[in-house]
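Peer 1: Residue numbers (my numbering), protein chains in the order written: chain Z, 73 to 172; chain V, 177 to 343.
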Amino acid sequence: MIPTQWFLILSAILFAIGVCGVLTRKNGITIFMSIELMVNAVNLTFLAYARQFHQIHGLIFVFFVMAIAAAEAAVGLAIFISLFHHRATIDVDEANLMRW
Amino acid sequence: MIEYAVFFFFAAVAVIFALMVVLHRNPVVGALALVASFFALAVMYVLLEAPFLAALQVIVYAGAIMVLFLFVIMLLNLQKQREEPTRPLQQFLGYAGSAAFGIGLVYYLSKYAVMELPAGPFIADARTVGIRLFEAYIFPFEMVSILLLAAIVGALLLSGVRTEERT
Numbered sequence: 073m074i075p076t077q078w079f080l081i082l083s084a085i086l087f088a089i090g091v092c093g094v095l096t097r098k099n100g101i102t103i104f105m106s107i108e109l110m111v112n113a114v115n116l117t118f119l120a121y122a123r124q125f126h127q128i129h130g131l132i133f134v135f136f137v138m139a140i141a142a143a144e145a146a147v148g149l150a151i152f153i154s155l156f157h158h159r160a161t162i163d164v165d166e167a168n169l170m171r172w
Numbered sequence: 177m178i179e180y181a182v183f184f185f186f187a188a189v190a191v192i193f194a195l196m197v198v199l200h201r202n203p204v205v206g207a208l209a210l211v212a213s214f215f216a217l218a219v220m221y222v223l224l225e226a227p228f229l230a231a232l233q234v235i236v237y238a239g240a241i242m243v244l245f246l247f248v249i250m251l252l253n254l255q256k257q258r259e260e261p262t263r264p265l266q267q268f269l270g271y272a273g274s275a276a277f278g279i280g281l282v283y284y285l286s287k288y289a290v291m292e293l294p295a296g297p298f299i300a301d302a303r304t305v306g307i308r309l310f311e312a313y314i315f316p317f318e319m320v321s322i323l324l325l326a327a328i329v330g331a332l333l334l335s336g337v338r339t340e341e342r343t
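1) Say whether chain V places a C-beta atom closer than 8 Å to the C-beta of Ala167/Z.
2) I want to see whether chain Z comes within less than 8 Å of Phe239/V, judged by CB atoms only; does it?
3) Along the chain, where does the alpha helix (DSSP H) containing Met242/V start, and where does it finish?
4) Is Phe214/V near Asn112/Z, with beta carbons less than 8 Å apart?
5) Is Ser335/V near Ser154/Z, with beta carbons less than 8 Å apart?
6) Could you give the first and the last residue of the continuous alpha helix (DSSP H) run that contains Arg201/V?
7) Among Leu281/V, Ala238/V and Pro294/V, which one has its Cα closest to the Cα of Ala218/V?
8) Asn112/Z by DSSP, collapsed to three states: which one?
9) In angstroms, rounded to a whole number, what distance separates the CA positions of Arg308/V and Val134/Z?
10) Just checking my contact of Phe228/V with Ala300/V at CB under 8 Å: how many whole Å lie between their CB atoms?
11) Per DSSP, Asn99/Z forms a beta bridge with which residues?
12) Counting along the chain, where does the alpha helix (DSSP H) carrying Gln266/V start and finish?
13) Got a sec: is the Cβ-Cβ distance from Pro294/V to anything in chain Z below 8 Å?
14) Could you give the distance in angstroms between the alpha-carbon of Phe268/V and the alpha-carbon of Gly90/Z?
15) So is Thr117/Z in contact with chain V if we call contact Cβ pairs under 8 Å?
16) If contact means a Cβ-Cβ distance below 9 Å, which residues of the stretch 93-107 of chain Z contact chain V?
What follows is the structure in structure tokens.
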């Protein structure tokens, strides 16, 4: 049986990679995929702790997180399609209408 | 021992493909790399004795959500778009900040989050998860179904209606 800690470390590495993607990229869809990566890292943490403490609540939370990630992906991609119709680009720096 | 070999192999696969998502210029390659990373994470879920969640990860994430991403990338024909590189300062701060964050987190976890192994096997199959989901979590479950309905309506409204008619 693999120690819980190693799963947590893998999850931390994946989360940091996701943060890096959000901070350094400009392509909206790539930023979105980085967010999905971070969501999955957190799911892995949930499952690791669920096994550690023999709690099934962690699994249920992962289930809900997956459902909400699906909803988020649908709405977010629709926003990008709308943005593409207006600006012909999905560069997030071009979407500056509401920027202060 | 074979368990450790599987863990390290698929952990390496997950991290390498995640790096490819972040570093590759072409979003199609990024999306396919993300699918591969999700498959490796599904193997992690099997190692964590949650086969039901592993199946959901493959079907829902790698199957449905990533197909949606790929579909939008193809629909908008994004491969041809040149992505402007970010400003060097932002790039440096992004890489340095996320590296510091990751190294700090890994250091903290490897130093302080040492736990003994769980007592016995913990098999969370579809039956256990389903019973708990429909007993204690029935209200959040219904809320999620309403949220998904709202997401469908919102996505249709945002992407389907022509903008000329609305403005």
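Even glycine gets a Cβ: it sits at the ideal position worked out from N, Cα and C. Since we're looking at a predicted model, the values are computed, not measured.
Peer 2: According to the structure shown:
1) With 8 Å as the cut-off, Ala167/Z does not count as an interface residue toward chain V.
2) Note on residue identity: the sequence assigns Gly, not Phe, to residue 239/V. Chain Z contact via Cβ: absent.
3) Note, Met242/V: alpha helix (DSSP H), Met242 to Leu252.
4) Asn112/Z sits close to Phe214/V, with the two beta carbons spaced by under 8 Å.
5) Yes; because the gap between Cβ atoms is below 8 Å, this pair is in contact.
6) First-last for Arg201/V: undefined, no H or E at that position.
7) Measuring from the Cα of Ala218/V, the nearest candidate turns out to be Ala238/V.
8) Looking at Asn112/Z - three-state DSSP - the assignment turns out to be helix.
9) If I take the Cα positions, the gap works out to 13 Å.
10) Phe228/V to Ala300/V, Cβ: 7 Å. Contact.
11) According to DSSP, Asn99/Z bridges with Asp163/Z.
12) Start and end: Pro264 to Tyr288.
13) Yes - at least one Cβ of chain Z is within 8 Å of the one on Pro294/V.
14) Taking the Cα positions, Phe268/V is about 16 Å away from Gly90/Z.
15) Taking Cβ atoms only, chain V never reaches closer than 8 Å to Thr117/Z, which makes this a no.
16) Result list: Gly93, Val94, Leu95, Thr96, Arg97, Lys98, Asn99, Ile101, Thr102, Phe104, Met105 and Ser106.
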